[in-house]
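In our numbering, the protein residues as written are 216 to 336.
Glycine included, every Cβ here is placed at the ideal spot set by N, Cα and C.
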């Protein structure tokens, strides 16, 4: 079930601007660090769009003073839990034992669960 956004929460544009000041990084520096285009970073800075989950992960990796949880929350989503190698192996082991139809159903369910982490505007 989606969670309503906190009206007092910081926006992604605010967090990204703070990150850039903290790291003394330009939009081009950020784009290079996460393998995105400068125009994409510009849309985030100007608040026109928020990045997809993978771009947020790359930002958190490239700029470790800004956590995945904080960046994800600023983008209006709940952060996914870390998935260690053991957990991945266990999940894949179970997945490998499913029929194709069961795998497809599980994928649909997993996508729906992940989408439920998006917060309402």
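Item to check | chain B contact for residue 277 (CB, 8 Å cutoff) | outcome: The structure shown contains no chain B; it holds only a single protein chain.
Checklist entry - Can you give, in chain order, each stretch of the alpha helix (DSSP H) that sits fully within the segment 291–334 and has at least 4 residues? => result 300–311 and 315–330
Item to check | For residue 233, the first and last residue of its enclosing alpha helix (DSSP H) | outcome: That run of the alpha helix (DSSP H) goes 227–237.
Checklist entry - Going along the chain, which residues of its own chain have a beta-carbon closer than 7 Å to the beta-carbon of residue 232, five neighbours each way excluded? => result Cβ neighbours of residue 232 beyond the five flanking positions: 260.
Checklist entry - Looking only at its own chain, which residues have a Cβ that is under 7 Å from the Cβ of residue 234, when we skip the five neighbours before and after it? => result Answer for residue 234: 278 and 281, listed in chain order.
Checklist entry - Thinking just about the alpha-carbon of each residue, which of 332, 241 and 249 is nearest to the one in residue 273? => result 249
Next on the checklist: Whole angstroms are fine: how far does the CA of residue 293 sit from the CA of residue 224?
Outcome noted: 13 Å
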